[in-house]
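Peer 1: Mind having a look at this structure? Questions to follow.
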Amino acid sequence: MTSIRRWLLGWLIFGLAAASGAAGFGIFHTAREEAGELFDYELRTVALSLPSNLAGAGDGEHRNPDLGDLGDLADDRVVIEIWDRSGNLIYHSRQAPVFSRLPAGFSTVERGENHWRTFGVEQRDRYVQVAQPISVREDLALKLALHTLWPLGVLVPVTIVLVLLVVARGLAPIGGLTRALTTRSLDSLEPLHLDGSVPVEIKPLVQALNDLLQRLNVASQAQRTFIADAAHELRSPLAALKLQLQAASRDGSLKGEGQTLERVEGRVNRIIHLVQQLLTLAREDAHPVTSMVPVSLRRIGEQVVGDFSLLAETREIDLGLECEDARANYDVYTVLAEPHGMSVLLGNLINNAIRHTPRGGRVDVILKRSGERVGFNVVDSGSGIPEAEIERVFDRFYRGEEAQGDGSGLGLAIVARIAARHQLQLSLRNNVGRPGLCVSVFGLTAVEVTMPVAVKS
């Protein structure tokens, strides 16, 4: 995958390194040429400034008179040779190789494994030749280059750090856009607002994203409105149809077998339940943001258990409410929640448990407290859910292969939707050592009772 950051840093650092290398080579080459010119001038000066009394040949031995203090010339390993008019060598520097006489002017010769730079000049009664190793020039050129290049050596890492900071700063708005998108919930379709001024290069992208979010919001709102309107419009005629069936059955105007009428009424009840669930789901989808207020979870549990007590008695199911870890004799379990949403959530769980529990079974609602967190379990003695289907039961309209009753497949989907809005931990597990299912809802924030507590909206 292509990375803008790596691409920018790679090319900028590579370009800087290449430019620095070319600059270093150019500086060294320039220093080498300047050192060569400096030493050529030195050789010429030495040759022209030698005293005139260095001449003559006696018994054939070379004279080596004292030249006096030559300053730094000794460090430069300068070799001096003098010939008379007859071509006899009359002077040669101590501890230095002997060179043959070369033409006047500058020359470069090889002596053993070393290269030498020579300069010869023809004078009135003698020929003077001086020589110097090329290595001396190279050493000086290297020293000059190092003295010139050390600021560049400091500048390169400083520039690399500066490039890293500038690139990171330049790409910061993209990181801000990424964080703004990743931290959003699935239902948040508001326009994007980045901190600070948006760069000109990123502004079209932000505008395009905001336009897409607006269109998605319109489409989502249209879908929720359609589902809510359809469910609302279907609820009234279905209720009227059920009343007409009951009235016709009582006055004898509807003739048929009793079992057939029961099946028709069951189908109508199932459709009515489906429409109610669709309407509830549409309402939950239409409120992506939850307004949290202090609410008594115990009172909501008592009311919902009371609402389903008649259905439980009809099915001969023992339905009850238990409180664990209570702080007082009558702990109301005050939490921050949306009252209507919690009532719908608990009601769907109890309804689902009753529908899947056989006659003579048991359904318990257990309130739990752990520190500053409150939750509840709904435990039944039904057949449970196969382990392979536990992850799918929260999908809309999904009913397992062994599902019983006349459910619509939306109850647990609504529960998951409400739990997500409250940012709760929702989990299902089959009971260990006995039949049934346990649905756990946990994560509500406990609060101290300092204001009126809402029960149900």
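In this text, residue positions in the sequence shown follow my numbering: the first is 1, and each later residue adds one. Think of the CB as a built atom: it goes at the ideal place given N, C-alpha and C, for glycine as much as any other residue.
#1: Is it buried or exposed for threonine 182, if we count other Cβ within 10 angstroms and need 16 for buried?
#2: Taking its Cβ as the centre, do 16 or more other Cβ atoms sit within 10 Å of histidine 147, making it buried, or is it exposed?
#3: What span of residues does the alpha helix (DSSP H) with alanine 23 cover, start to end?
#4: Could you check which residue in Gln207, Glu338, Ser381 and Arg44 has the C-alpha nearest to that of alanine 420?
#5: Short check: CB of alanine 312 to CB of glutamate 372, under 8 Å?
#6: May I ask you to list the residues that DSSP assigns as paired with glutamate 322?
#7: For the alpha helix (DSSP H) that asparagine 351 lies in, which residues bound it at each end?
#8: Hey, would you say leucine 461 sits closer than 8 Å to valine 206, going by beta carbons?
#9: Would the segment 120-128 count as touching the segment 162-175 if we require 3 or more Cβ pairs under 8 Å?
#10: Between the alpha carbons of proline 199 and tryptophan 11, how many angstroms are there, rounded?
#11: So what's valine 441 in DSSP terms, helix, strand or just coil?
#12: Among Gln303, Phe308 and Glu387, which has the Cα closest to the Cα of alanine 353?
#13: Tell me whether the beta-carbon of glutamate 324 lies closer than 8 Å to the beta-carbon of isoleucine 366.
#14: Would you mind working out which of Glu110, Glu448 and Arg6 sits nearest valine 374, comparing C-alpha positions?
#15: Does DSSP put glycine 175 in a helix, in a strand, or in coil?
#16: Suppose the cutoff is 6 Å on Cβ atoms and the five residues either side in sequence are ignored; what does the same chain contact list for aspartate 380 look like?
#17: Could you pull the start and end residues of the beta strand (DSSP E) that proline 151 belongs to?
#18: Taking DSSP as the reference, what is the three-state secondary structure of threonine 182?
#19: Any idea if glutamate 81 is buried or exposed, counting beta-carbon neighbours within 10 angstroms, 16 or more meaning buried?
#20: Taking the alpha carbon of serine 427 as the reference point, which residue from Phe28, Phe394 and Glu190 has its own alpha carbon closest?
#21: Do valine 335 and leucine 424 come within 8 Å of each other at the CB atom, strictly closer than that value?
#22: Buried or exposed, going by whether 16 or more other CB atoms sit within 10 Å of the CB of aspartate 72?
#23: Please state whether the Cβ-Cβ distance between serine 20 and leucine 152 is less than 8 Å.
#24: Is glutamine 221 helix, strand or coil when you go by DSSP?
#25: Based on Cα-Cα distance, which residue from Trp83, Val293 and Ala208 lies nearest to tyrosine 127?
#26: Can you pull the DSSP bridge partners for threonine 108?
#27: Do you know how far the Cα of proline 173 is from the Cα of arginine 417?
#28: Using beta-carbon positions only, say whether glycine 361 and isoleucine 317 come within less than 8 Å of one another.
#29: Which partner residues of serine 463 appear in the DSSP bridge assignment?
#30: Please work out which residues of its chain come closer than 7 Å, Cβ to Cβ, to methionine 292, disregarding the five sequence neighbours upstream and downstream, and give them in chain order.
#31: Ordered along the chain, which non-local residues of its own chain (more than five positions away) have a Cβ less than 7 Å from that of aspartate 69?
#32: I need the boundaries of the beta strand (DSSP E) containing valine 374, first residue and last residue.
#33: If I'm right that alanine 35 touches leucine 149 with Cβ under 8 Å, what's the distance once you round it to whole angstroms?
#34: Is tyrosine 41 buried or exposed, if buried means 16 or more other CB atoms sit within 10 Å of its CB?
#35: Would you decide whether phenylalanine 14 is buried or exposed? Buried here means 16 or more other CB atoms lie within 10 Å of its CB.
Peer 2: The answer reads as follows:
#1: exposed
#2: exposed
#3: 4-49
#4: Glu338
#5: no
#6: Ile366
#7: 339-355
#8: Any answer about residue 461 is impossible in this case: the structure gives the chain only from 1 up to 457.
#9: no
#10: 23 Å
#11: strand
#12: Phe308
#13: yes
#14: Glu448
#15: helix
#16: Ala353, Thr357, Val363, Gly436 and Leu437
#17: Not the beta strand (DSSP E): proline 151 falls in the alpha helix (DSSP H), residues 134-170.
#18: helix
#19: buried
#20: Phe394
#21: no
#22: Caution is warranted here: a pLDDT of 47 is assigned to aspartate 72, below 50, making its placement in the model unreliable, and no coordinate value can be reported.
#23: yes
#24: helix
#25: Trp83
#26: Arg117
#27: 33 Å
#28: yes
#29: Shown here, the chain extends from 1 to 457; a query on residue 463 therefore has no answer.
#30: Leu336, Ala337 and Glu338
#31: Per-residue confidence for aspartate 69 stands at a pLDDT of 41, beneath the threshold of 50, marking its modelled position as unreliable; no derived number is given.
#32: 373-380
#33: The pair is not a contact, with the Cβ atoms about 15 Å apart (cut-off 8 Å).
#34: exposed
#35: exposed
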